[in-house]
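Chains A and B, in that order, give the protein sequences. Counting in full-length UniProt numbering, the first sequence runs from 1 upward without gaps. Counting in full-length UniProt numbering, the second sequence runs from 1 upward without gaps. Glycine included, each C-beta is placed from N, C-alpha and C at the ideal position.
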Amino acid sequence: MLGSFAVLRKQSLLGDAISHAALPGIAIAFLITGTKDSSVLQIGALISGLLGTFWIRGITTKTHLKSDTALGLILSLFFGFGMLLLTFIQKQPNANQAGLDKYLFGQAATLVESDVWLMAIVTGICLIILLLFWKEFKILLFDADYTKTLGFNTKFIDILITSFIVLAIVLGLQTVGVVLMSAMLLAPAAAARQWTNSLSFMVVLAAIFGAFAGVFGTAISASQTNLSTGPVIVIVAGVFVLFSFIFSPSRGLLFKQLRIIKNRRDLELHKTLAFMYHIAETHDNISHPHTIKILNNFQGYTTKTLKELEHKHYVTIQGNMWSLTEEGFKVASNLYNQQNAKDE
Amino acid sequence: MTNIAVKVDDLTVAYNYKPVLWDIDLEIPEGVLMAIVGPNGAGKSTLIKSILGILKPLAGSVTIYGKPYNKQRSLVAYVPQKGSVDWDFPTTALDVVMMGTYGSLGWIKRPGQKEKKSALEALEKVGMLAFQSRQINQLSGGQQQRIFLARALVQDAAIYFMDEPFQGVDATTEIAIINILKELRKANKTVIVVHHDLQTVPEYFDWVTFLNVKKIATGPVKDIFNDDNLTKTYGINFKVSVQE
Chain A
1 MLGSFAVLRK QSLLGDAISH AALPGIAIAF LITGTKDSSV LQIGALISGL LGTFWIRGIT
61 TKTHLKSDTA LGLILSLFFG FGMLLLTFIQ KQPNANQAGL DKYLFGQAAT LVESDVWLMA
121 IVTGICLIIL LLFWKEFKIL LFDADYTKTL GFNTKFIDIL ITSFIVLAIV LGLQTVGVVL
181 MSAMLLAPAA AARQWTNSLS FMVVLAAIFG AFAGVFGTAI SASQTNLSTG PVIVIVAGVF
241 VLFSFIFSPS RGLLFKQLRI IKNRRDLELH KTLAFMYHIA ETHDNISHPH TIKILNNFQG
301 YTTKTLKELE HKHYVTIQGN MWSLTEEGFK VASNLYNQQN AKDE
Chain B
1 MTNIAVKVDD LTVAYNYKPV LWDIDLEIPE GVLMAIVGPN GAGKSTLIKS ILGILKPLAG
61 SVTIYGKPYN KQRSLVAYVP QKGSVDWDFP TTALDVVMMG TYGSLGWIKR PGQKEKKSAL
121 EALEKVGMLA FQSRQINQLS GGQQQRIFLA RALVQDAAIY FMDEPFQGVD ATTEIAIINI
181 LKELRKANKT VIVVHHDLQT VPEYFDWVTF LNVKKIATGP VKDIFNDDNL TKTYGINFKV
241 SVQE
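So this is what it looks like as structure tokens:
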């Protein structure tokens, strides 16, 4: 759901950076408190995730560096620091330490009821905020400068969106893990974009795709032993994306290709017909037969196009002679007029 | 004495070390149709953006009808450069025009029938009513520019700032746009346009500002649009014959 905004802001990698940046937060939270209580760790993740995000913003606004450079820098810096802390924790004589690395790839089995409630509540809050500030989010995404001239505090809207993306990521970490979280954020949105041209529908669709990926992924991993849930969910989401890329009616590759082929064939047909019209025009009787030999490839002529023209009753063929029908002549002359009109 | 719509004092803007605008003083009287001309990198867009508070100037102040800009926002409408947004954004032409009403609506409140009606009226003015439910990525460059213009018209402002509205549009659209601008002037609105085509300045505009980091000259086209100022602005010997 929130992924839609990340995709449309062309900040897709932000999700990746945030989830990686959350790792040291988890480790530090554990070091300080010594518990593995997920809500405590999530607060740690939230803080370091937000810290990473605002550093990225700071770097891009204050220096000449491009945002992808800043993202990559913060991502690897925080992740490296997090891994350092994790290995440090593992060396410690503390029985509690095992299982912290679950946050790397995630494990849905570690979720308990209170986690699920927390997720539901935060999702609810996100929804309300989204509905309240829908108009502001939309206009900021489309045209930030213009939004500013209308008197909106663009910084506030921006921070609001970013904070919620961070929140959503932190909550997903336990299930899908640091490494795969960004796919979870972006895949449903990317898939949804293929199917619709309306922002509201895209957001709804992304939410549905996300939910389905979650349910299917969990079901598949539950039915097999030794399949961890996070990766399966991400793969299911990936399948959605692939399917959308190929089969979406307006933006999909398959239909685009089909349209191109169809257009090309139509054009060939029109070209042959136009040539025939030129010849037939010089005769009083439009159906005066001509030999097929005068047609050639330059006029888009192939045996197939001739057959198709006959099939459409535009021409009749007798032996190696062809003649335009009344209907064919009419269509051809209209075709010609249209082209003339376009030239003008 | 006519009112001064926009007054700029000592405006200086710099990216890093190099000043982009240096100590600009500018007074734009109410009801003029003004072109800002100058070479690439002269700071034309920057001037507009600084006046509108999109960019933060190093120094200087801007007043609109004698009061600071941020108290007078509702009097000002902005048409950004067409290339500044992603036209693949999933939305329709009508939706974009409706955005013009967001400012007067304020936070959280949603546009209703009244806003829709004024958006449709603006679409009609720019001759795009038939395209209201068209996806914006399926509009031509000229049509996109008209949509942007309609969005500003919806704001029903007193002062309009436009950043190269004629960029990449065909002759028909250019005439359509200039007619709308002239209508705005007739209604005593002030229109400020960043413009590139020097040939059309005397025909389209009645006021002009020459800009190249510093302000070279500003005033009525018939008084100051001459080879001397053009040469000062563009640095080469210019021969644009000004129609008498």
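8 Å Cβ cut-off: residues of chain A touching residue i
| i | result |
| --- | --- |
| Q135 (chain B) | N197 |
| L21 (chain B) | Chain A residues near L21 (chain B): none, gap ~17 Å exceeds 8 Å. |
| G53 (chain B) | K148, T149 |
| S84 (chain B) | D143, D145 |
Terminal residues of the beta strand (DSSP E) in which residue i lies
| i | result |
| --- | --- |
| Y314 (chain A) | Neither: Y314 (chain A) is in no beta strand (DSSP E) and is coded neither H nor E. |
| N212 (chain B) | 207 to 212 |
| W322 (chain A) | 321 to 324 |
| T190 (chain B) | 190 to 194 |
| T91 (chain B) | Here T91 (chain B) belongs to no beta strand (DSSP E), and DSSP marks it neither H nor E. |
| L180 (chain A) | Looking at the DSSP string, L180 (chain A) is not in any beta strand (DSSP E), and its letter there is neither H nor E. |
| M34 (chain B) | 33 to 37 |
Identified DSSP bridge partners for residue i
| i | result |
| --- | --- |
| L26 (chain B) | B:V8 |
| K215 (chain B) | B:L211 |
| M162 (chain B) | B:V79, B:V193 |
| P220 (chain B) | B:W207 |
| A168 (chain A) | A168 (chain A) pairs with nothing; no bridge assigned. |
| K67 (chain B) | B:I64 |
| A14 (chain B) | B:P19 |
| T291 (chain A) | A:M321 |
| Q135 (chain B) | B:T92 |
7 Å Cβ cut-off: residues of chain B touching residue i
| i | result |
| --- | --- |
| L132 (chain A) | I108 |
| M202 (chain A) | P90 |
Beta-carbon proximity check, residue i vs residue j, cutoff 8 Å
| i | j | result |
| --- | --- | --- |
| I48 (chain B) | A5 (chain B) | no |
| V79 (chain B) | L149 (chain B) | yes |
| T316 (chain A) | E310 (chain A) | yes |
| G44 (chain A) | A29 (chain A) | yes |
| L26 (chain B) | V13 (chain B) | no |
| V234 (chain A) | V176 (chain A) | yes |
| I246 (chain A) | G252 (chain A) | yes |
| S182 (chain A) | S19 (chain A) | yes |
| Y160 (chain B) | I178 (chain B) | no |
| L211 (chain B) | A42 (chain B) | yes |
| A157 (chain B) | V213 (chain B) | no |
| Y103 (chain A) | L23 (chain A) | yes |
| I54 (chain B) | T209 (chain B) | no |
Chain-ordered chain B contacts of residue i [CB-CB under 8 Å]
| i | result |
| --- | --- |
| I260 (chain A) | In chain order: nothing, as chain B lies at least about 17 Å away. |
| R193 (chain A) | P90 |
Beta-carbon neighbours of residue i, restricted to chain A and to distances below 9 Å
| i | result |
| --- | --- |
| M99 (chain B) | K135, K138, I139, F142, D143, Y146, T147, L150 |
| R73 (chain B) | T149, L150, G151 |
| L47 (chain B) | Result: empty, since nearest Cβ-Cβ is about 14 Å, beyond 9 Å. |
Integer Cβ distance of residue i from residue j, believed to fall under 8 Å
| i | j | result |
| --- | --- | --- |
| E136 (chain A) | I159 (chain A) | With a Cβ gap of about 12 Å, E136 (chain A) and I159 (chain A) do not count as contacting. |
| A237 (chain A) | F209 (chain A) | 7 Å |
| R146 (chain B) | T92 (chain B) | About 14 Å separates the two Cβ atoms, so there is no contact after all. |
| W207 (chain B) | V96 (chain B) | No, W207 (chain B) and V96 (chain B) are not in contact; Cβ-Cβ is about 29 Å, not under 8 Å. |
| I89 (chain A) | A27 (chain A) | 6 Å |
| P188 (chain A) | A219 (chain A) | Actually they do not touch by this definition, with Cβ atoms about 17 Å apart. |
| T147 (chain A) | T154 (chain A) | 5 Å |
| A280 (chain A) | V241 (chain A) | A280 (chain A) to V241 (chain A), Cβ: 52 Å. No contact. |
| L46 (chain A) | V178 (chain A) | Their Cβ separation, rounded to whole angstroms, is 14 Å, which puts L46 (chain A) and V178 (chain A) out of contact at 8 Å. |
| P57 (chain B) | L120 (chain B) | Actually they are not in contact, since the Cβ atoms of P57 (chain B) and L120 (chain B) sit about 38 Å apart, beyond 8 Å. |
| I169 (chain A) | L185 (chain A) | 6 Å |
Contacts of residue i in chain B (Cβ-Cβ under 9 Å)
| i | result |
| --- | --- |
| R57 (chain A) | By Cβ distance, chain B contributes nothing, its closest Cβ being about 16 Å from R57 (chain A), past 9 Å. |
Residues that residue i contacts on chain A, provided the C-beta gap is smaller than 7 Å
| i | result |
| --- | --- |
| Y78 (chain B) | Y146, T149 |
| residue 255 (chain B) | With chain B covering only 1 through 244, there is no way to say anything about residue 255 (chain B). |
| G103 (chain B) | L150, G151 |
Opening and closing residue of the alpha helix (DSSP H) in which residue i lies
| i | result |
| --- | --- |
| S48 (chain A) | 38 to 62 |
| G217 (chain A) | 199 to 223 |
| S61 (chain B) | Element bounds for S61 (chain B): not the alpha helix (DSSP H) but the beta strand (DSSP E), 59 to 64. |
| I128 (chain A) | 113 to 132 |
| L123 (chain B) | 113 to 125 |
| G106 (chain B) | First-last for G106 (chain B): undefined, no H or E at that position. |
| S67 (chain A) | 67 to 91 |
| T2 (chain B) | Unbroken run through T2 (chain B): none, as it is neither H nor E. |
| L153 (chain B) | 141 to 154 |
| V85 (chain B) | First-last for V85 (chain B): undefined, no H or E at that position. |
C-beta neighbour in chain D for residue i, strict 8 Å
| i | result |
| --- | --- |
| I180 (chain B) | Reference to chain D is not applicable here, since the protein chains of this structure are A and B. |
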